[in-house]
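Residue numbers (UniProt numbering): 1 to 499. Just so you know, even glycine gets a beta-carbon here, dropped at the ideal spot from N, CA and C. Because the structure is a prediction, the values reported are computed rather than measured.
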Amino acid sequence: MASFAIKDIPKEYQRALKLHTSGRLREAHQIYNEIVAVRPQTAEAHYQIGRIAREVRDFKVAVAALNRALQIKGKEPVVLRELAQTLSEAGDTEEALRAFLELAKLNTRDYDSQMDIALLLQRLGQFDEAEKHFRKALRILPGNGVAYRAWLQGKKVKAGEPVIREMMEAYSNPKIQGRMRSDLCFALAKAMEDTKQYNKVFKFLKEGNRIIGDTFPFDKAGFDHDYDSILNLQAPMVWRKEVPPLDNESFAPIVVTGLPRSGTTLVEQIVASHSSVEGGGEIGVLSKMIRLAMSDEKTKDWRKTLSINDKQYEAFPARLEHEFRKRVTFDKLVTDKTISNFRYIGMIRELVPNARIIVVRRDPRDQLLSIYKNVFAENTHTYAYDLDNLALYYSKFVESMEFWRKTLPEAFTEIAYEKLVNDPEVQSRKLIAAAGLDWEDACLEFHKAKRDVKTLSIHQVRQPMYTSSARAWEKYADDLKPLTEALERHGVLDWHYQT
């Protein structure tokens with residue numbers, strides 16, 4: 001029951017906003033709820049309830065609250081954008097698209113709305129329609145490299161296309177700087193590669209990577225500390241080695257993991273094409289819950305020793321399933337493609353014994369080149385913009401995999417990207433068996449699936465399996481010498497083929 005009167009709502013709302021801004025979400029949420037209990041027509045409180053629910057990934061609550069705010073307030077652009085973004089994150093792409101289209105009607109000069117519409121259309125595989133909206137965005141903000149890079153992710157550029165000339169003109173403009181310039185460089189690098197001008201690719205790649213690397217520097221010491229602490233914490237524990245058979249009762253996520261650009265999206269698409277499986281994408285909650293269990297609440301650093309009591313063991317799968325279902329609608333089985341999960345294989349096996357774990361690996365030269373050619377969310381994957389740092393990151397992956405092979409070889413299945421694309425049926429059958437499922441022919445026709453796909457490989461996953469990305473590094477052997485030499489120094493250049 002609310003502890004204040006209607007006249008106190010403005011003051012209480014401001015108090016809730018301060019709590020919300022400082023990260024005290026539970027307290028803020030309580031006040032917002034009290035406000036709508038006192039005065040249900042307070043649209044602002046419903047809006048803030050929706051924002052908090054989105055922050056904690058409770059999408060059902062978020063959508064309901066934001067829709068209520070819109071019912072009260074009408075087509076308020078700020079609320080409509082929040083709803084559209086929430087629907088997009090929840091995987092309800094078609095409803096998100098409708099909301100963004102409605103938003104674009106309210107302001108035909110809104111660059112962000114045109115970009116959001118284009119990106120959603122790409123996720124749905126509607127590349128021609130997406131191109132129209134990228135064009136609209138570029139008419140609003142000419143020369144914006146962010147739009148060019150996103151557009152070209154879903155497009156194969158042909159020699160002589162006007163877009164190349166447009167981008168070169170923008171590149172010559174000294175006013176195009178920062179994020180707009182770095183993304184323009186990545187877009188130009190892709191255009192040069194698509195048109196087989198391989199000798200020009202690295203000029204643009206180096207500049208684009210340098211700009212982002214300077215903006216978001218890589219914390220090598222912190223990275224080393226994280227990696228070493230995670231393995232050291234898990235090393236002394238006695239892990240469950242058996243993987244129980246699937247049943248219809250127990251929560252059994254299918255964990256697809258590996259480094260970025262290793263083929264995890266392809267593997268997830270194959271598995272999620274099975275009639276019993278829903279593709280969850282990079283849900284992220286499993287690794288987050290494990291990291292919380294491994295870190296100290298006060299210092300936020302890693303614990304020195306790890307102890308999990310019987311009560312925590314028993315509660316973890318149910319808590320995890322609850323968090324998954326807040327984010328993804330599924331019947332029995334769901335995939336989680338969060339790439340960092342390979343670091344926690346022991347913890348996953350111990351806390352979620354029914355989980356199936358598939359680790360994807362790839363020739364490091366192809367894989368790291370692919371990372372170097374892409375842009376990640378701001379201030380994430382900060383190692384990705386420097387060849388030496390990429391080699392270090394790969395060496396840590398190798399260290400982790402060697403550790404798990406030694407301590408828990410029965411706990412996971414490894415799949416090599418090159419084998420998968422060269423022998424798809426045999427390797428796909430291996431994948432489905434690793435997931436504990438019976439074979440279905442639909443798993444070989446993953447590219448025909450209508451499901452929403454969030455990935456940097458937005459165009460490739462809509463195509464049949466192809467081998468052209470294997471040994472792609474050879475076109476850039478001279479440019480990649482610093483990477484090859486760094487991999488040799490770490491002793492991991494040939495690891496992929498020796499195992």
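In this structure, how does DSSP classify residue 508 when only helix, strand and coil are distinguished?
The structure shown has nothing for residue 508, since the chain only spans 1 to 499.
Could you give the DSSP three-state label for Gly346: helix, strand or coil?
Secondary structure of Gly346 (DSSP, three-state): helix.
Report yes or no: do three or more beta-carbon pairs, one from the region 209-220 and one from the region 370-386, lie closer than 8 Å?
yes
Exposure of Ser275, with buried meaning 16 or more beta-carbon neighbours within 10 Å
exposed
Identified DSSP bridge partners for Leu487
Per the DSSP secondary-structure output, Leu487 pairs with nothing in a beta bridge.
According to DSSP, which residues form a beta bridge with Glu131?
According to DSSP, Glu131 bridges with nothing at all.
Could you check how far apart the C-beta atoms of Leu205 and Lys373 are, in whole angstroms? I think they sit under 8 Å.
6 Å
Rounded separation between Ala159 and Pro260 - CA only
29 Å
Is the region 425-436 touching the region 317-331, taking contact as three or more C-beta pairs under 8 Å?
no
Euclidean distance between Cα positions of Glu378 and Ala5:
If you take the alpha carbons of Glu378 and Ala5, they lie about 43 Å apart.
Pick from Glu95, Asp128, Glu94 and Phe134 that is closest to Arg109, judged by C-alpha positions
Phe134
Would His46 and Ala62 qualify as a contact pair, given that the criterion is a beta-carbon distance under 7 Å?
Their beta carbons are not under 7 Å apart, which means His46 does not touch Ala62 by this criterion.
Three-state class that DSSP yields for Trp302 in the structure shown:
strand
Leu106, buried or exposed, once every other Cβ within 10 Å from all chains shown has been counted against 16:
By the neighbour-count definition (other C-beta atoms within 10 Å, threshold 16), Leu106 is an exposed residue.
Answer with buried or exposed for Val78, where buried requires no fewer than 16 other C-beta atoms within 10 angstroms of its C-beta.
exposed
For Leu119 and Ala150, believed in contact at Cβ under 8 Å, the rounded distance
The Cβ separation is near 6 Å, so the contact holds.
Taking the C-alpha atoms as reference points, what is the distance between Lys156 and Leu483?
Rounded to the nearest whole angstrom, the CA to CA distance from Lys156 to Leu483 is 27 Å.
Helix, strand or coil: how does DSSP classify Asp92 here?
coil
According to DSSP, Gly154 sits in a beta bridge with which residue or residues?
Beta-bridge pairing links Gly154 to no other residue.
Classification of Glu337 by the beta-carbon crowding that lies within 10 angstroms, buried from 16 upward:
The residue asked about is misnamed: residue 337 is Lys in this sequence, not Glu. Its Cβ being crowded by 16 or more others within 10 Å, Lys337 is buried.
Where Ile283 falls: helix, strand or coil (DSSP)
Ile283 falls in the coil class under three-state DSSP.
How about Gly143 and Ala170: do their beta carbons lie closer than 7 Å?
yes
Considering only the beta carbon of each residue, do Leu493 and Leu487 sit closer than 7 Å?
yes
Whole-number beta carbon distance between Trp495 and Val398, since they are thought to touch under 8 Å:
5 Å
Could you have a look at Val360 and say whether DSSP puts it in helix, strand or coil?
strand
Below 7 Å between beta carbons: does that hold for Ala442 and Ser273?
yes
For Gly346 versus Leu408, is the C-beta spacing smaller than 7 Å?
Between Gly346 and Leu408, the C-beta spacing is below 7 Å.
Alpha-carbon to alpha-carbon, Ala318 and Ser250:
9 Å
Nearest to Asp366 by CA position, among Phe100, Ile9, Ala99 and Gly263, is which residue?
For the residues Phe100, Ile9, Ala99 and Gly263, the minimum Cα distance to Asp366 belongs to Gly263.
Could you give the DSSP three-state label for Ser400: helix, strand or coil?
helix
For Asp336, which residues does DSSP report across the bridge?
Val255
Buried or exposed by the 16-neighbour rule on C-beta atoms within 10 Å, applied to His20
buried
Using a threshold of 7 Å, state whether the C-beta atoms of Gly258 and Val359 are closer than that.
For Gly258 and Val359, yes; Cβs fall inside 7 Å.
At 4 residues or longer, and completely inside the region 368-429: list those alpha helix (DSSP H) runs for me, N to C.
387-407 and 417-422
Is it true that the CB of Tyr148 sits closer than 7 Å to the CB of Met167?
yes
From Leu368, Glu410, Glu402 and Leu392, pick the residue whose C-alpha is nearest to that of Ile357; which is it?
Glu410
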